[in-house]
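Residue numbers (our numbering): 754 to 1583.
Built from N, CA and C at the ideal position, the CB exists for glycine as well.
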Amino acid sequence: MTTRDNNRYNFIAIESKWQKKWLAEKTYKVTEDTSQNKYYLLEMFPYPSGRIHMGHVRNYSIGDVVARYKSMQGYNVLHPMGWDAFGLPAENAAIKHNTHPAIWTYENIDYMKNQLQRMGFSYDWDRELATCDPDYYRWEQLFFIKMYKKGMVYQKITEVNWCETCQTVLANEQVIEGECWRCDNQVLPREMNGWFFKITDYAEELLSECSNLSGWPEKVLTMQRNWIGKSEGAEIDFPIDGLEGKLTVFTTRPDTIYGATFMSIAPEHPLVEKLCKGTGQEKAVEGFAKETAIERRRQKPEDELDKKGIFTGSYCINPYNGNKIPIYAANFVLMEYGTGAVMAVPAHDQRDYEFARKYDIPVVIVIQQDSVEIDSASIECAYEGPGTLINSDNFNGMSSESAKVAITEFAQEKGFGKKRTTYRLRDWGISRQRFWGAPIPMIHCEKCGVQPVPENELPVLLPTDIQPDRSGRSPLPDLESFYKTSCPSCSGVARRETDTMDTFVESSWYFARYACPDFTEGPLKKENVDYWLPVDQYIGGVEHAILHLLYARFFTKAMRDLGYLVIDEPFSNLLTQGMVIKDGTKMSKSKGNVVDPNDLIEKYGADTVRLFSLFAAPPEKSLDWSDKGVDGASRFLNRIYRFIHTHLETLTTGQDKTAPEMNNAGRLLHRKTHQTIRKVTRDIEDNFHFNTAISAVMELVNTLHSVTGTEAKEEVNPAIIREAVKSTILLLHPMVPHICEELWEKIGHQNSLNREKWPTYDPEAAKEDELTIVLQVNGKVRSRLQVSADITEEDLEHMALEDEKVKQFVGDKPIRKVIVVKKKLVNVVA
RNA sequence: GCCUGGGUGGCGGAACUGGUAGACGCAAGGGACUUAAAAUCCCUCGGUCCUUGUGGCUGUGCGAGUUCGAUUCUCGCCCCAGGCACCA
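Structure (structure tokens):
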């Protein structure tokens, strides 16, 4: 081996050396220390699918920079990691390999933990948790029971997607064009009993709190608001002609009620049967309902359903004008929203308009547009905007806005209607007919009904001695040792609930458990969660913008109302990072463009991989993976390494107590150093723009090379070089910690960089003493001036007018105006 | 259809509150070192025109506008990505 080889950047040796040291010394372990300011940084925990992918690399690299940066800023940083370990892939793998899902899961966890450690992330591994661990899910079961006792959980029968072949319920996203994603068989609607969390009780709070989440991207808040989908309107009763009872509708446009010319109700509406009875329409309506059910399920989400309906044979009475209007069952009316019945105003609602034209139903205009007159014969689409009421008896002449209020109040006074707010958000159905999930801790007793498992009997453990069979059906309902139990109230024979919880429940509270992962007396240790929560910065993929984040917000409020937490919102700041793509598309096996982090770590080392994933794009944008770009990142680290090695003598000798003497080159480097500290600090602090932070450090390193290179005219004071190099290492540490620790040690430091202070800049040193002033004539750049920073505006103007190029372009035209912008430019208008 | 983002060199991306468009990196081309290659170092690098200069014109999706000056602000349009989608 030659000396040159000894000085080469050996990332394999360096990275494993520091990783071992960090692990052995528990460098990143934190404790609750109220004398220090806390900072809780969290990245979304992974599903242990087998190996980490580039999305994880990016997510966790971003998080690690923030954790290390905050730590150097003096915060007591909580930065934990764990495993979202329940879920269907484990069951499928278990079937395939004839084993237990736990075995597959824990093997994956071991492997992936090792991968994360090889990336050098600064986690406090003492707080690691896996949601499939009974010590975790037992507390989830306790939450369930507490919520049940408080009325926040209930059971109801709903229609679900059922796959007969797989013997399971499928989530909506697992039904592809009406067929099961796994076996391609037709999915059937099926009525099933399931457990629900009353998230709708929190709809208003979840919505209104959105405006307080100033640290969240507007995009995510908009998505959440839309998902909650609040709409304000009225509920109005329409008596049914010739029958007992009434049809209640929800409308956001009570002002258009005089224009209602028919009613449309969902084909599965409970009144349908009664409405068509004895009218001769029974058969036809029943057939229509069946057809609609099938069609809806088959329908691709992107194409619009043809509007269809059928007359039920009955009429109802508009309570405002006494008009008798026909009731139709229509395929576009949803039973789940509002009341399942709609008053149809074809003149002012596009869907109703299309429907009315198709079935030849009258169109009555009741809102007159302010600018143009419209009439019912000539209009070609509904007018949905505001206007003035016509054809509306006493309400004529009112604006649509005030009529909404007046018409609703009228109904309220007369007792046939009221104000009503509806939400698109539905209660959260959490029952899954699956094995690998947290058992729902309930007991069904024939005599006493449904009962919660007594709290002191928790956890309800998943059996460990079974294997899921090939049918894909959960073994729990057939496993007597699991389901057979006694009733907590009458002690008779009873049956355990065999459904498990949606895995989104685990991820709805894991962030709180990290505050006290080993606490055995309850789910959350009060003083710990009060110290650490809320999460100061949460980082994860934008694909979780609705479900996970909404559920976690809801669960936080539920835990608060159960007395476990004092906070209202779990995540103060949210960063949603973009996808990692390659060749312009998502990485996927079928496209053959998947990049495996392991290959990269082996070829380039973790620091290079981290550096490139931070450098290639700002975090919120998608990252286009480029193999050549990785070479560039690797080259940069080598360049720093080599520089420090060739200047080791300069860097390790000498005392830097007093202010050093500076020549021009020295001043240049000194200034650049302080400018870089300023730029990097701001880029991290303001918006996590690590790409520009890294490019700033690259510029500093380029300057270091140019002032010390063979072309350099003068020798720079070694103290200035030492300052530049030390700053470079400190600034890069959060991004590429291994090489920085190594170089820090090489230049004579003993402390781990994690205990070093983040560098500060001297504004005086960062100040430019010479500026380039741009000279424009009529807004076009014509010349440049080098001036000292303290030049007066008058002198600047004078110099500009004397400039040869300026004179040339002004020619003999008179000067009309001279605009002087301090430190920037002079524009001569001629 | 509605709601969010976003359109800048061959590519990823920079540009503070309206003030030098293209930082930094990649790719490409040229050169140095070398027997050679790799590595490294240096130079060029939006387009175009000519009289080759310390040059002219032009250029941030398209079209207008405000301004001394617009990638940045306003209006209209086109395209791309993501979300929601018969929600009454």
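Subject >> Selection from G1358, R871, V1362 that minimises the alpha carbon distance to V1333 >> reply: Checking every option, the nearest Cα to that of V1333 belongs to V1362.
**OP:** State the start and end residues of the unbroken alpha helix (DSSP H) segment that holds C885.
**Re:** It is not in any alpha helix (DSSP H) - C885 carries neither H nor E in the DSSP assignment.
Original post:
If you count every other CB in all the chains shown that lies within 10 Å of the CB of G873, and 16 or more means buried, which is it?
Top reply: Under this definition G873 is a buried residue.
Subject >> Opening and closing residue of the beta strand (DSSP E) in which A838 lies >> reply: Per DSSP, A838 belongs to no beta strand (DSSP E) and is neither H nor E.
Original post:
Assuming T921 contacts R1187 under a Cβ cut-off of 8 Å, what Cβ separation, rounded to an integer in Å, is found between them?
Top reply: Sure, about 7 Å apart at Cβ, within 8 Å.
Subject >> R1266 versus L1286: straight-line alpha-carbon distance, rounded >> reply: If I take the Cα positions, the gap works out to 10 Å.
**OP:** Counting only the same chain and skipping the five closest in sequence on each side, list residues whose C-beta sits under 8 Å from that of Q772.
**Re:** Here the set comprises Q870, R871, G873, H1491.
Original post:
So, are the CB atoms of Q1290 and V819 less than 8 Å apart?
Top reply: For Q1290 and V819, yes; Cβs fall inside 8 Å.
Original post:
Is the distance from the Cβ of E1550 to the Cβ of V1579 below 8 Å?
Top reply: Yes, these two residues count as a Cβ contact at 8 Å.
Original post:
E985 bridges to which residues according to DSSP?
Top reply: DSSP lists T1174 as the bridge partner or partners of E985.
**OP:** Identify every residue that forms a DSSP beta bridge with L1578.
**Re:** Per DSSP, the beta bridge partners of L1578 are V1527, V1574.
Original post:
Does DSSP classify M754 as helix, strand or coil?
Top reply: With a pLDDT of only 32 at M754, under 50, the local geometry of the prediction cannot be trusted, and the value read off the model is given with reservation. Three-state result, M754: coil.
**OP:** Run the proximity test for I767: is its beta-carbon closer than 7 Å to any non-hydrogen atom belonging to the ligand PLP?
**Re:** In the structure shown, the ligand PLP is absent, as is every other ligand, since no ligand is present at all.
**OP:** Look up T918 in the DSSP assignment and say whether it is helix, strand or coil.
**Re:** Of the three classes helix, strand and coil, the one that applies to T918 here is coil, per DSSP.
Original post:
CA-CA distance, D1565 and V1534?
Top reply: Inter-residue distance for D1565 and V1534 is about 19 Å (C-alpha atoms, whole angstroms).
Original post:
Nearest-angstrom Cα distance between D1543 and D1522?
Top reply: Distance between the alpha carbons of D1543 and D1522: 8 Å.
Subject >> Own chain, CB closer than 8 Å to Y762, minus 5 neighbours either side, in chain order >> reply: The beta carbon of Y762 is closer than 8 Å to those of L1390, N1391, Y1394, R1395, I1492 in its chain, skipping five residues each way along the sequence.
**OP:** State the Cα-Cα distance for the pair V1489 and D1360, rounded to the nearest angstrom.
**Re:** Computed Cα separation, rounded: 5 Å.
Subject >> Rounded straight-line distance, which links the Cα of G995 to that of D1180 >> reply: Taking the straight line joining both Cα atoms gives about 36 Å.
**OP:** Measure how close the beta-carbons of E971 and E1322 come, nearest whole angstrom, since I'm counting them as under 8 Å.
**Re:** Not a contact, Cβ separation roughly 16 Å.
**OP:** Would you mind working out which of C1240, P1115, G1170, W948 sits nearest V913, comparing C-alpha positions?
**Re:** For V913, the nearest C-alpha among the options comes from W948.
Original post:
Between which two residues does the beta strand (DSSP E) containing M865 stretch?
Top reply: Careful: M865 lies outside any beta strand (DSSP E), inside the alpha helix (DSSP H) at 854–871.
Original post:
How would you call A1553, buried or exposed, if buried means at least 16 neighbouring beta carbons within 10 angstroms?
Top reply: Around the C-beta of A1553, 16 or more other C-beta atoms lie within 10 Å, and the residue is accordingly described as buried.
**OP:** Quick one: which unbroken alpha helix (DSSP H) runs of 4-plus residues sit fully inside the region 1017–1078? Chain order, please.
**Re:** Every alpha helix (DSSP H) of 4 residues or more that sits fully in the region 1017–1078 is shown, in chain order, as 1025–1029, 1035–1051.
Subject >> Residue interval of the alpha helix (DSSP H) (run including E1555) >> reply: Residues 1546–1555.
Original post:
Helix, strand or coil for N946 per DSSP?
Top reply: Looking at N946 - three-state DSSP - the assignment turns out to be strand.
Original post:
Looking only at its own chain, which residues have a Cβ that is under 6 Å from the Cβ of H1442, when we skip the five neighbours before and after it?
Top reply: For H1442, the CB contacts under 6 Å within the same chain, skipping 5 residues up- and downstream, are P1371, D1436 in chain order.
Subject >> Buried versus exposed, by CB contacts within 10 Å (16 or more), Q1122 >> reply: The residue is exposed, with fewer than 16 neighbouring Cβ atoms inside 10 Å.
Original post:
DSSP puts Q1330 in a beta bridge; with which residues?
Top reply: Residue pairing by DSSP places Q1330 opposite G1294 in a beta bridge.
**OP:** Could you pull the start and end residues of the beta strand (DSSP E) that N829 belongs to?
**Re:** 829–831 is the span of the beta strand (DSSP E), which, as asked, contains N829.
Subject >> CA-to-CA distance, R1049 to T1004, given in whole angstroms >> reply: Rounded to the nearest angstrom, the gap between the Cα atoms of T1004 and R1049 is 23 Å.
**OP:** Return the Cβ separation of V1460 and L1422 in integer angstroms, given the expectation that the two are a contact with Cβ distance under 8 Å.
**Re:** That pair is a contact at about 5 Å.
**OP:** Spatial neighbours of E1055 within its chain, please: CB distance less than 7 Å, with the 5 preceding and 5 following residues excluded, ordered by chain position.
**Re:** Caution is warranted here: a pLDDT of 49 is assigned to E1055, below 50, making its placement in the model unreliable, and the coordinate value is therefore given only provisionally. Nothing listed; no residue qualifies.
**OP:** Give the straight-line distance between the Cα atoms of T1032 and T1329, rounded to the nearest whole angstrom.
**Re:** When rounded, the distance between both Cα atoms is 57 Å.
**OP:** Output the residue ranges of the beta strand (DSSP E) runs that lie fully inside the region 1296–1328 and measure 3 residues or longer, sorted by chain position.
**Re:** For the region 1296–1328, not a single whole beta strand (DSSP E) run of length 3 or above is found.
**OP:** Helix, strand or coil for H1400, going by three-state DSSP, please let me know.
**Re:** H1400: coil per DSSP, three-state reduction.
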